[in-house]
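One structure is given below, encoded as structure tokens.
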Amino acid sequence: MLGVTHPLYLRYRDIWTKLLDVFEGGGGFIDDSKPYLIAHPREWLDHSTPVYDANNILLRYEVNPNPKQPSPKLQERRRLARYENIAATLIEQLQGLLFRMKPERTSGAGQLDMNSPLMQFWRNADGLGSAWDDLLQEAWGPCAAFGHLWGYVDVMPDDPRRAVVRWYTPIDVPDWLVDEQGALRSVKFLEAVPRETYQKTLTASSIEIRVREVNAEGWILRTRNGKVISQGTHDFGVVPAFVLYAKRRALTPFIGRSVLGDPQLYIDLYNCISEVRELLRKQTFTILNVPIGDGPGGVQREQQLIGQQSGTGNVLFTTNSAQMLSPDNSNVTSYHEHMDRLTRIIYRLAVLPWEGDSRAAESAESRKVKRQDLDAVLAAYADELQRVDQFVTDLVYRAYYGQDAAEQWRDRDQLTIRWPDTFDAPDLTAVTKQFAEALALELGPTASGEIRKRAARLVLPDTDEAVMDAIDADITASPTQTLQDRRLASIEALTQRLAQDVAAEQADEDDSDDDMTDEDNGNNAA
18 MLGVTHPLYL
28 RYRDIWTKLL
38 DVFEGGGGFI
48 DDSKPYLIAH
58 PREWLDHSTP
68 VYDANNILLR
78 YEVNPNPKQP
88 SPKLQERRRL
98 ARYENIAATL
108 IEQLQGLLFR
118 MKPERTSGAG
128 QLDMNSPLMQ
138 FWRNADGLGS
148 AWDDLLQEAW
158 GPCAAFGHLW
168 GYVDVMPDDP
178 RRAVVRWYTP
188 IDVPDWLVDE
198 QGALRSVKFL
208 EAVPRETYQK
218 TLTASSIEIR
228 VREVNAEGWI
238 LRTRNGKVIS
248 QGTHDFGVVP
258 AFVLYAKRRA
268 LTPFIGRSVL
278 GDPQLYIDLY
288 NCISEVRELL
298 RKQTFTILNV
308 PIGDGPGGVQ
318 REQQLIGQQS
328 GTGNVLFTTN
338 SAQMLSPDNS
348 NVTSYHEHMD
358 RLTRIIYRLA
368 VLPWEGDSRA
378 AESAESRKVK
388 RQDLDAVLAA
398 YADELQRVDQ
408 FVTDLVYRAY
418 YGQDAAEQWR
428 DRDQLTIRWP
438 DTFDAPDLTA
448 VTKQFAEALA
458 LELGPTASGE
468 IRKRAARLVL
478 PDTDEAVMDA
488 IDADITASPT
498 QTLQDRRLAS
508 IEALTQRLAQ
518 DVAAEQADED
528 DSDDDMTDED
538 NGNNAA
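Residue numbering for the sequence shown is 18 to 543, as defined by the numbering used here.
Quick look at the structure:
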């Protein structure tokens, strides 16, 4: 069953493996059997192969294309090498910006019931207690590294009406089928067979693999050899699988484009750091030049007197006068310049500012343009998340109500899912003024209600989803007043206030008249 794979899978598998290693810092960065550290030909003991003639006479040495014996120098460089994982840092920065604001999920029919299938799914999207937003944020990291990630909507074993989401890397999806329009018709996922006991030894070569084939009718679970383990049907009515893209390829469907770009950029930087580390170690200490005397013994006599090392520095024996030799560090400077340039390229390909750019003179307009470019890239990422969010939501309806009744319930809830399209930290005062000006346009009760709901999310960014639903319900129950309504209300309030003032003045005059009458009566009595 694993012998047949998609041609695109064969083309990109090695690239995906490198991208995974770059993102995780594993593979050839820690495995000496397949190292990413590129050795100089002279760093191999068997770098040359002797060539003899028919009489076994040495003719020449040729370069050995497959050396196997590392020299002590190469072994030392491998021990000194370190991988500075800026790839994971780049993705974490983009991830933090992308998920800074939560998506808006609103129901036009009012607040959703806390026990509705959607609310249950949003609270527990994988059957293990992970919220849907948290699951998407967690999955976006490897999605950005690979360029895409496969998702499979399954159901809970104990409750077939509860949908859950499983993730698969591109390396775990060896084949898929599409119809004439290019829509997904069937897909194969590779899964590790779970261990049942601790007694079974687990190694990389002993991991058992099973194949899950999913189509629009159901699923089949097989062994590597094709033996059916189990199978079943589902009520989704479509293939319950999807692709979460980081970036799309215009001419290659189902294959995303990595946010990291070419993994060789990071491998090159890793090699540069290793070589600079070796240069610093070798050239930090000065060399003592010892002159060879005219007497008998020469170098051997001098070595016996002082040895081949002096402190941490080496000793060189020549006929020149005694002196301390300091190596030239210009090659280290050249390395640093190249590493800075390489790092700048990596950051700019990810549309992120590099710290070196902040020290350079740059106009405010240039910084604004760069920020707009970053917002456009983040908005494209958010569009892909919104597409997946809507697709999975539809499958949640289908799992709970069945494919025939799902549309009816979906129309009843009138659910709207909207991911953000701006990601800069907003100025609350300026944005509040914009919302007030937008409400003054009197775009109608529906548009005004949406403006108020967005304003509530801006003012209360970390509010729980259930509380946010209650706020939406309050906004829906209290329609936005138009400018004319506010004017009439103001006039009515002013009229009431004037009437109260007139009544108060009249009461004061009546009290004054009563006082005058009492005074007159008193005078008459006197």
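Here a beta-carbon is modelled for each residue, glycine too, at the ideal position from N, C-alpha and C. Keep in mind the model is a prediction, meaning the values are calculated, not measured.
Item: From what residue to what residue does the alpha helix (DSSP H) around Gly144 run?; Value: From DSSP, Gly144 is part of no alpha helix (DSSP H); its letter is neither H nor E.
Item: Can you list, in chain order, the residues of its chain whose CB lies under 6 Å from that of Ala98, leaving out five sequence neighbours each side?; Value: Leu54, Ser291
Item: Please say whether Pro280 and Val39 have beta carbons closer to each other than 8 Å?; Value: yes
Item: Output the residue ranges of the alpha helix (DSSP H) runs that lie fully inside the region 112-167 and measure 4 residues or longer, sorted by chain position.; Value: 134-140, 149-163
Item: In this structure, does DSSP put Thr433 in helix, strand or coil?; Value: strand
Item: I'd like to confirm the pairing. Which residues does DSSP put opposite Asn73 in its beta bridges?; Value: None; Asn73 has no bridge partner.
Item: Can you find at least 3 beta carbon pairs, one from the region 26-43 and one from the region 264-280, that sit closer than 8 Å?; Value: yes
Item: Would you kindly check if the distance between the Cβ of Asp192 and the Cβ of Thr22 is under 8 Å?; Value: yes
Item: Rounding to the nearest angstrom, what Cα-Cα distance links Arg28 and Gln431 in this structure?; Value: 43 Å
Item: Between Leu135 and Asp486, which are expected to be in contact by the criterion C-beta below 8 Å, what is the C-beta distance as a whole number of angstroms?; Value: The pair is not a contact, with the Cβ atoms about 11 Å apart (cut-off 8 Å).
Item: Hey, could you find the ends of the beta strand (DSSP E) Asn348 is sitting in?; Value: It is not in any beta strand (DSSP E) - Asn348 instead sits in the alpha helix (DSSP H) that spans 347-366.
Item: Taking Val255 as the reference, give the member of Tyr185, Asn232, Leu261, Ile47 with the closest Cα.; Value: Asn232
Item: Following the continuous alpha helix (DSSP H) through Gln92, name the residue where it begins and the one where it ends.; Value: 89-97
Item: Taking all protein chains shown into account, do 16 or more other C-beta atoms lie within 10 angstroms of the C-beta of Ser351, making it buried, or fewer, making it exposed?; Value: exposed
Item: Who are the Cβ neighbours of Leu75 in its own chain at under 8 Å, not counting the five residues just before and after it?; Value: Pro67, Val68, Tyr69
Item: Is Ala126 close to the ligand COA? I mean its beta-carbon at under 7 Å from any heavy atom of the ligand.; Value: This structure lacks the ligand COA, and indeed carries no ligand of any kind.
Item: What does a CB cutoff of less than 7 Å around Asp189 pick up in its chain, not counting 5 residues either side in sequence?; Value: Phe206, Leu207
Item: Is the region 119-127 touching the region 71-90, taking contact as three or more C-beta pairs under 8 Å?; Value: no
Item: Beta strand (DSSP E) containing Val21: first to last residue?; Value: Val21 -> no beta strand (DSSP E), and no H or E assigned at all.
Item: Name the residue from Leu107, Arg212, Leu460, Gly168 whose alpha carbon lies nearest to the alpha carbon of Arg229.; Value: Gly168
Item: Determine the closest residue to Pro24 out of Trp371, Gln92, Phe271, with distance taken between C-alpha atoms.; Value: Phe271
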